[in-house]
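Per the numbering used here, numbering through the sequence shown is continuous, rising by one, with the last residue being 513.
Using N, Cα and C, we set each Cβ at its ideal position, and we do this for glycine too.
All figures in this text were calculated on a predicted structure; none of them were measured in a lab.
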Amino acid sequence: MKAVFMGLGYIGLPTATVAAGKGLQVVGVDINEKVIETINQGQIHIVEPGLQQLVQSVVEAGNLRASLFPEEADVFLIVVPTPFKGGNHEPDITYVTAATQAVIPYLKEGDLYIIESTSPVGTTEKMMQLIYAERPELKGKIYIAYCPERVLPGNVLYELEHNDRVIGGINKESTEKAVQFYSRFVKGNLHKTNSRTAEMCKLTENSSRDVQIAFANELSLICDKAGINVWELIELANKHPRVNILQPGCGVGGHCIAVDPYFITADFPVESQLIAKSREINNYKSFWCAEKIKNAILEFELKSKRKPVVAIMGLAFKPNIDDLRESPAKYIAQKVMQAELDGLLIVEPNISEHPVFKLTNYKEAYEKADIVTFLVAHNEFKTLPWTDDKVILDFCGIFKK
Ligand code: SAJ
Numbered sequence: 113m114k115a116v117f118m119g120l121g122y123i124g125l126p127t128a129t130v131a132a133g134k135g136l137q138v139v140g141v142d143i144n145e146k147v148i149e150t151i152n153q154g155q156i157h158i159v160e161p162g163l164q165q166l167v168q169s170v171v172e173a174g175n176l177r178a179s180l181f182p183e184e185a186d187v188f189l190i191v192v193p194t195p196f197k198g199g200n201h202e203p204d205i206t207y208v209t210a211a212t213q214a215v216i217p218y219l220k221e222g223d224l225y226i227i228e229s230t231s232p233v234g235t236t237e238k239m240m241q242l243i244y245a246e247r248p249e250l251k252g253k254i255y256i257a258y259c260p261e262r263v264l265p266g267n268v269l270y271e272l273e274h275n276d277r278v279i280g281g282i283n284k285e286s287t288e289k290a291v292q293f294y295s296r297f298v299k300g301n302l303h304k305t306n307s308r309t310a311e312m313c314k315l316t317e318n319s320s321r322d323v324q325i326a327f328a329n330e331l332s333l334i335c336d337k338a339g340i341n342v343w344e345l346i347e348l349a350n351k352h353p354r355v356n357i358l359q360p361g362c363g364v365g366g367h368c369i370a371v372d373p374y375f376i377t378a379d380f381p382v383e384s385q386l387i388a389k390s391r392e393i394n395n396y397k398s399f400w401c402a403e404k405i406k407n408a409i410l411e412f413e414l415k416s417k418r419k420p421v422v423a424i425m426g427l428a429f430k431p432n433i434d435d436l437r438e439s440p441a442k443y444i445a446q447k448v449m450q451a452e453l454d455g456l457l458i459v460e461p462n463i464s465e466h467p468v469f470k471l472t473n474y475k476e477a478y479e480k481a482d483i484v485t486f487l488v489a490h491n492e493f494k495t496l497p498w499t500d501d502k503v504i505l506d507f508c509g510i511f512k513k
């Protein structure tokens, strides 16, 4: 069986590689020439544990080849990004459309076409119409399905194989065909549905998490005003057998949880009140943290008649990773940089250097700062001793104190 993967990014490359590792003939297609070159040399352009070795072995074995152009195959997978249009929160499916258009000339009777990219509801049907408009002779003769990825960066190779997957075809035959395909390299259960439900399922998973984090963040705002320790409160509430509240933080970042809910709110603005409000609350939480820090700086100045040294503890979008993209901590750090200070010490133990931020060791920053702001709950920070000598703004529950 031969498969063409359109898109060799964070999901496309690992999936193509795992499939190639199971003996499929895989051609990975990307628009970036440098990416093609790198992969064909058995190297990779992204960070993911274990991936480089696996890419090298499947490239050497001749099972994975990267190319700028698609070619004839039995299966075509669309694994390209779905960003927003311009500055607003309208999903942009141009890449999915372009990748689909690129494979249309190579489709033949019996082929399977699958979209994995996170997509607005109805995208698979739209692509079906596009395919049939250009190749009417294929109507009813090819299989079309949607199957979202669910992997966690950092644990992609394991999760690709072991996570359950939701597979939705445009008809029963397409679902069955796609299930057969994924069963070649996925050990998790393959759940069958239709394409619209599968599309919505991906958006639902990440929106559900966003809404739950918004609840925790809202509690943190209420508790701050009420003089209650939110960490203790949540721990106690979670002792109830049917309550499981997540943790508040300095906002929600990353490329999925803070993005996917907009794919629902853009298409269902009247119905998706709670989902939209949760996005607002999680965004507001970052702004609120920045304001809290600015107020602490002013208070310190009034009290001590000098400007403080401030430590920003953590820049990544979540604990124990080196990924700063779409990070609320980075947004807050940038806001604090605008204040007049005696010194700003920025800490991110998971990276060694950064073009914009001059980084300081976490112990040194903690020792030197007058105001310490914990933005990300990295493990290193949890080893620091509590002190009453400093102003500590703990937005992520390092001390739970
Ligand atoms: N966060 C909190 N409080 C919490 C948990 C998380 O504030 O209690 C914050 C994190 O600090 C971070 C953000 O939420 O800023 C998102 O982190 P995450 O670990 O929830 O999610 P991602 O973006 O790393 O990965 C998610 C996963 N989806 C779910 O858990 C439902 C992953 O399985 C998906 O594959 C991925 O999105 C994706 O690609 O959609």
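Note down the Cα distance separating residue 307 from residue 210, rounded to an integer number of angstroms.
-> Whole-angstrom Cα-Cα distance: 20 angstroms.
Could I get the ranges of all uninterrupted alpha helix (DSSP H) runs contained in the stretch 243 to 296, with 4 residues as the minimum, in chain order?
-> Restricting attention to alpha helix (DSSP H) runs no shorter than 4 residues, the stretch 243 to 296 encloses them at 268 to 274 and 284 to 294, ordered along the chain.
Closest Cβ-Cβ distance between residue 147 and chain D: below 7 angstroms?
-> In the structure shown, chain D does not exist; there is a single protein chain.
Whole-angstrom C-beta distance between residue 458 and residue 409, which should lie under 8 angstroms | Not quite, the Cβ-Cβ distance comes to about 15 angstroms (not below 8 angstroms), so this is no contact.
Distance, Cα to Cα, residue 276 vs residue 181?
-> Going from the Cα of residue 276 to the Cα of residue 181 covers about 31 angstroms.
Reference residue 244, options 316, 219, 178 and 392, closest by Cα = Per the Cα distances, 219.
Tell me where the beta strand (DSSP E) around residue 304 begins and ends.
-> First-last of the beta strand (DSSP E) with residue 304: 302 to 306.
Cβ-heavy atom distance between residue 321 and the ligand SAJ below 6 angstroms?
-> Yes, the ligand SAJ has a heavy atom inside 6 angstroms of this Cβ.
Simplified DSSP state of residue 481, which is helix, strand or coil = Secondary structure of residue 481 (DSSP, three-state): coil.
Under three-state DSSP, which class holds residue 225?
-> Three-state DSSP puts residue 225 in a strand.
Beta-carbon separation of residue 322 and residue 369 under 7 angstroms?
-> Less than 7 angstroms separates the beta-carbon of residue 322 from that of residue 369.
Going straight from the alpha carbon of residue 267 to that of residue 491, what length do you get?
-> Roughly 18 angstroms separates the two Cα atoms.
Nearest CA to the CA of residue 507: which residue from 362, 393 and 339?
-> Cα-wise, what sits closest to residue 507 is 362.
7 angstroms Cβ cutoff met for residue 185 and residue 115 | If you check the CB distance, residue 185 and residue 115 come in under 7 angstroms.
Beta carbon of residue 317: closer than 6 angstroms to some heavy atom of the ligand SAJ?
-> Answer for residue 317: yes, Cβ within range of the ligand SAJ.
If you follow the alpha helix (DSSP H) that residue 397 is part of, which residue opens it and which one closes it?
-> Note, residue 397: alpha helix (DSSP H), 385 to 416.
Paired residues, beta bridge with residue 203 - DSSP = 196, per the DSSP bridge assignment.
In whole angstroms, what is the alpha-carbon distance linking residue 431 and residue 385?
-> Approximately 29 angstroms between the Cα atoms of the pair.
Specify the secondary structure class of residue 510 as computed by DSSP and reduced to three states.
-> Looking at residue 510 - three-state DSSP - the assignment turns out to be coil, as it is neither helix nor strand.
Please classify residue 418: is it buried, with 16 or more other beta-carbons within 10 angstroms of its beta-carbon, or exposed?
-> Of the other Cβ atoms in all chains shown, fewer than 16 fall within 10 Å of the Cβ of residue 418; this residue is therefore exposed.
Please state if the CB of residue 297 and the CB of residue 191 are separated by a distance shorter than 7 angstroms.
-> Not closer than 7 angstroms, so no.
So what does DSSP say about residue 337, is it helix, strand or coil?
-> It is helical.
Would you say residue 359 touches the ligand SAJ, meaning its beta carbon is less than 6 angstroms from a heavy atom?
-> Within the chosen limit of 6 angstroms, the ligand SAJ reaches the beta carbon of residue 359 through at least one heavy atom.
Does the beta-carbon of residue 144 have 16 or more other beta-carbons within 10 angstroms, so that it is buried, or is it exposed?
-> Answer is exposed; the Cβ neighbour count stays below 16.
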